[in-house]
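Per the numbering used here, residue 164 is the first one in the sequence shown, and the count goes up by one each step.
Where a beta carbon is used, it is the ideal one built from N, C-alpha and C, also for glycine.
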Amino acid sequence: MGQPAGFFIRFWAFVLDLLLLGVLEEGILLFWPSHYPYPRAGVFILYFTFWTGYTGQTLGKWALNLRVTDQWGLYPVGYPKAFFRTLGYLVNLLAWGLGFLWIIGDREKRGWHDLLARTRVCKC
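Written as structure tokens, this is what we have:
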């Protein structure tokens with residue numbers, strides 16, 4: 164199992180993912196019928212669940228050499244864990260980001276979303 168990834172490198176991986184999602188969203192909106200609402204939250208959940216479940220890395224984590232593992236260091240974590248982890252992002256946001264800031268003080272560098280899904284993020 165690799166060294167736990169800290170808050171700031173994880174933050175920058177998340178920023179890269181959000182930038183990528185923004186570009187993807189612009190491409191999708193070119194062809195999206197204007198009379199249908201765009202499922203922004205659904206795209207967010209699908210992106211993070213798919214990549215984390217399939218490879219253990221979103222593209223932002225891949226770029227910064229990070230990987231999501233289960234609590235024993237195995238990856239990929241699979242879709243159920245990835246889905247619960249992604250739902251944990253939403254819980255963190257509803258709590259004004261406290262679940263993300265939890266990473267700073269936790270000795271294993273795990274946020275609420277990691278604790279919920281029993282995952283961790285390690286440097287590869």
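task = Decide if T286 is buried, meaning its Cβ has at least 16 other Cβ atoms within 10 Å, or exposed.
result = Thr is not the amino acid found at residue 286; the sequence shown has Lys there. Result: exposed.
ask   = The beta strand (DSSP E) with T218 in it runs from where to where?
value = Element bounds for T218: not the beta strand (DSSP E) but the alpha helix (DSSP H), 203-218.
query = Can you tell which of V206, A245, T212, P200 has the C-alpha that lies nearest to the C-alpha of K184?
reply = Position check: residue 184 holds Leu in this sequence, whereas Lys was assumed. With distances taken between Cα atoms, L184 lies closest to V206.
inquiry  = 7 Å is my cut-off, CB to CB: does C287 come that close to chain B?
reply    = In summary, chain B is missing from the structure at hand, where a single protein chain is found.
ask   = By a C-beta neighbour count over all protein chains shown, 10 Å radius and 16 as the cutoff for buried, is L187 buried or exposed?
value = exposed
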